[in-house]
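Residue numbering for the sequence shown follows this note's numbering, beginning at 4 and increasing consecutively.
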Amino acid sequence: MPTRAPSTAAPTPVRDPSGAPAADTWTLSSRTVHLNHGSFGAVPTVVSEYQSALVAEMNSIPGDWFTALPGRVGAARAHIAAFLGAPTEATALVPNASAGVSVVLNALDLPAGAEILLTDHAYGAVHMAAERAARRVGGRVRVAPVELDAAADDATRAVVDAIDDRTALVIVDQITSATARLLPVGAIAIECRRRGVPVLVDAAHAPGMLARPLEDNAADYWVGNLHKWGCAPRGTAALVASERVADGLHPLIDSWGAPDPYPVRFDTQGTIDLSSYLAAPRSLDLIEELFGWDAARRYMGDLADYAEDVIAGAIESLTGERATVDVGMPVPAMRLLALPAGLATTPAGAHELRDRVAALGFQTAMTSWRGTGYLRLSAHVYNVAAEYDRFAQVAVPHIVALARET
Ligand SMILES: Cc1ncc(COP(=O)(O)O)c(C=O)c1O
Numbered sequence: 004m005p006t007r008a009p010s011t012a013a014p015t016p017v018r019d020p021s022g023a024p025a026a027d028t029w030t031l032s033s034r035t036v037h038l039n040h041g042s043f044g045a046v047p048t049v050v051s052e053y054q055s056a057l058v059a060e061m062n063s064i065p066g067d068w069f070t071a072l073p074g075r076v077g078a079a080r081a082h083i084a085a086f087l088g089a090p091t092e093a094t095a096l097v098p099n100a101s102a103g104v105s106v107v108l109n110a111l112d113l114p115a116g117a118e119i120l121l122t123d124h125a126y127g128a129v130h131m132a133a134e135r136a137a138r139r140v141g142g143r144v145r146v147a148p149v150e151l152d153a154a155a156d157d158a159t160r161a162v163v164d165a166i167d168d169r170t171a172l173v174i175v176d177q178i179t180s181a182t183a184r185l186l187p188v189g190a191i192a193i194e195c196r197r198r199g200v201p202v203l204v205d206a207a208h209a210p211g212m213l214a215r216p217l218e219d220n221a222a223d224y225w226v227g228n229l230h231k232w233g234c235a236p237r238g239t240a241a242l243v244a245s246e247r248v249a250d251g252l253h254p255l256i257d258s259w260g261a262p263d264p265y266p267v268r269f270d271t272q273g274t275i276d277l278s279s280y281l282a283a284p285r286s287l288d289l290i291e292e293l294f295g296w297d298a299a300r301r302y303m304g305d306l307a308d309y310a311e312d313v314i315a316g317a318i319e320s321l322t323g324e325r326a327t328v329d330v331g332m333p334v335p336a337m338r339l340l341a342l343p344a345g346l347a348t349t350p351a352g353a354h355e356l357r358d359r360v361a362a363l364g365f366q367t368a369m370t371s372w373r374g375t376g377y378l379r380l381s382a383h384v385y386n387v388a389a390e391y392d393r394f395a396q397v398a399v400p401h402i403v404a405l406a407r408e409t
């Protein structure tokens, strides 16, 4: 059956100032098509080389390296804070968003029976971390359902109305993982503050994807990965804390920085390879120099629109089922499409489907949310429209055939 023609124009592929395709900036394998930037990011080649040079420097005179390291981490931290629009004195570096969440959960003095409130869009590993923290005090996690298509007001109400006397922390995602949508974290944090409940914003996907990720930040704690949309070496993340709570935060590795104030105490992490932190500013600068962050974000959004159009069109014309999804508050560089009925109805099913599609030569994220399977598409500057065309032509018929077998 023919696929419907896309109505969204394919954006012109991005080139660097020398005229080379943007993809030449990365060394991603040509054996597969990379449509899942969101999960693990991708590091530009020159930044990987810079990080390798840093490691060589560390290995050549370790004494000099480790003596100077806290100062260099502090300088990288200031650079990253400026990129995010956060005050340097509020920003600590941690290895990843998961570590940032652990730092916050360790710092909280949860009363017996405390509840941690999160939404049914929360990242699975964060949900589990919250469960462990609550269990230690005989408490539990409570889940506030937020409809997939909820607009900002409805989403805010869904979270805030679920707060009760036992709520000791609210964790809310700025950009959700399984459902690729924004949540109104600014409004939610204001309402929580009014009720005296601290808020942790899981902003794992925000740095690089959003121009001003902290623009309306009113949360006590915010953590965002630089190694996703910022293309920094893994793992590098920023934890931004309000003045009210910052002094209670300590790094997961308790080292010689312990007597230092927040966030300087996070700059000293014992004998460990922190080359990723030092190299992260290079990625942020490189994208600006080669493509310009604003232009890059515009391209990602246009390409994501195209990808959604062409792939939803392919699914719909083969199944007659609607593949486009209203996510209420869409994000610039990811799109959520409904998979044909019967596929990825559980997380295990989603993983199995992802692996089958990977075997066809496509890296994707398949998610399962409220028993429905979704394809989450990412678009970064190194992606081009032809890759999504190929997915529509090669992978979609295969996926539809799998659905017919279920
Ligand atoms: C919303 C969200 N939170 C947390 C994480 C965890 O990030 P990391 O594995 O870098 O700790 C992710 C990763 O994809 C995520 O999407």
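Even glycine gets a Cβ: it sits at the ideal position worked out from N, Cα and C.
Original post:
Does ligand 1 have even one heavy atom less than 8 angstroms from the beta-carbon of residue 178?
Top reply: yes
Original post:
For the putative contact between residue 129 and residue 104, defined by C-beta atoms under 8 angstroms, what is the C-beta separation to the nearest angstrom?
Top reply: 5 angstroms
Original post:
Who does residue 228 pair with in a DSSP beta bridge?
Top reply: 240
Subject >> With 16 other Cβ atoms within 10 Å as the buried cut-off, status of residue 293 >> reply: buried
Subject >> Distance between residue 184 and residue 331 (C-alpha atoms, nearest Å) >> reply: 7 angstroms
Subject >> Every unbroken beta strand (DSSP E) inside the segment 182-225 [3 residues or more] >> reply: Segments of the beta strand (DSSP E) lying fully in the segment 182-225: 202-205.
**OP:** Look at the alpha carbon of residue 176 and the alpha carbon of residue 186, and state the distance between them as a whole number of angstroms.
**Re:** C-alpha separation (whole angstroms): 6 angstroms.
**OP:** Out of 124, 321 and 383, state which residue places its alpha-carbon closest to the alpha-carbon of residue 300.
**Re:** Comparing alpha-carbon positions, the option among 124, 321 and 383 lying closest to residue 300 turns out to be 383.
Subject >> residue 99 versus residue 228 - alpha carbon distance >> reply: 6 angstroms
**OP:** Give the straight-line distance between the Cα atoms of residue 246 and residue 329, rounded to the nearest whole angstrom.
**Re:** 37 angstroms
**OP:** Specify the secondary structure class of residue 54 as computed by DSSP and reduced to three states.
**Re:** Residue 54: helix per DSSP, three-state reduction.
Original post:
So does residue 228 have its beta carbon nearer than 8 angstroms to some heavy atom of ligand 1?
Top reply: Checking every heavy atom of ligand 1 against the Cβ of residue 228, one is found closer than 8 angstroms.
Subject >> Sub-9 angstroms separation of residue 179 and residue 147 beta-carbons >> reply: no
Original post:
Can you name, in chain order, every residue of its own chain whose Cβ lies under 6 angstroms from the Cβ of residue 211, other than the five neighbours on each side?
Top reply: Cβ neighbours of residue 211 beyond the five flanking positions: 232 and 233.
Original post:
For residue 198, which residues from the same chain have a beta carbon less than 7 angstroms from its beta carbon, with the 5 sequence-adjacent residues on both sides left out?
Top reply: Taking C-beta separations shorter than 7 angstroms and ignoring five residues to either side along the sequence, the partners of residue 198 in its chain run 166, following chain order.
Original post:
Are three or more beta carbon pairs between the segment 316-330 and the segment 267-274 nearer than 8 angstroms?
Top reply: no
Subject >> Alpha carbon of residue 191 to alpha carbon of residue 244, nearest angstrom >> reply: 16 angstroms
Original post:
Looking at the structure shown, is residue 37 part of a helix, part of a strand, or coil, going by DSSP?
Top reply: When secondary structure is reduced to three states using DSSP, residue 37 falls in the strand class.
Subject >> Any C-beta of chain C under 9 angstroms from that of residue 387 >> reply: Absent from the structure is chain C; it holds one protein chain and no more.
Original post:
To which residues does DSSP link residue 327 through a beta bridge?
Top reply: The partner list for residue 327 (beta bridge, DSSP) reads 340.
Original post:
What are the boundary residues of the alpha helix (DSSP H) that includes residue 300?
Top reply: Residue 300 -> alpha helix (DSSP H) spans 296-322.
Original post:
How is residue 371 classed by DSSP in three states: helix, strand or coil?
Top reply: strand
Original post:
Apart from the five residues on each side of it in sequence, which residues of its chain come closer than 6 angstroms, Cβ to Cβ, to residue 309?
Top reply: 11, 13 and 388
Original post:
Do you know offhand how far residue 260's Cα is from residue 92's?
Top reply: 15 angstroms
Original post:
Taking DSSP as the reference, what is the three-state secondary structure of residue 122?
Top reply: strand
Original post:
Which word fits residue 220, buried or exposed, when buried means at least 16 other C-beta atoms lie within 10 angstroms of its C-beta?
Top reply: buried
Original post:
Using a Cβ-Cβ cut-off of 7 angstroms (strictly less than) and excluding sequence neighbours within five positions of residue 306, which residues of its own chain qualify?
Top reply: 14, 382, 386 and 388
**OP:** For the alpha helix (DSSP H) holding residue 176, just list the boundary residues, first then last.
**Re:** No alpha helix (DSSP H) contains residue 176, which is instead part of the beta strand (DSSP E) from 170-176.
Original post:
Which residues mark the beginning and the end of the alpha helix (DSSP H) in which residue 274 is found?
Top reply: First-last for residue 274: undefined, no H or E at that position.
Original post:
So what's residue 21 in DSSP terms, helix, strand or just coil?
Top reply: coil
Original post:
Which of the three DSSP states, helix, strand or coil, is assigned to residue 4?
Top reply: Summary for residue 4: the model assigns pLDDT 42, below 50, so the residue's position carries little reliability; its value from the coordinates is reported in the next sentence. Coil at residue 4, not helix or strand.
**OP:** With DSSP collapsed to three states, give me the class of residue 397.
**Re:** helix
**OP:** Report the rounded CA-to-CA distance for residue 138 versus residue 17, giving the unit in angstroms.
**Re:** 49 angstroms
Subject >> Three-way DSSP call (helix, strand, coil) for residue 384 in this model >> reply: The answer is coil: DSSP assigns residue 384 none of H, G, I, E or B.
**OP:** Using beta-carbon positions only, say whether residue 411 and residue 120 come within less than 9 angstroms of one another.
**Re:** Nothing in the structure corresponds to residue 411, since the chain is present only between 4 and 409.
Original post:
By the 10 Å Cβ neighbour count, where 16 or more other Cβ atoms means buried, how is residue 64 classified, buried or exposed?
Top reply: exposed
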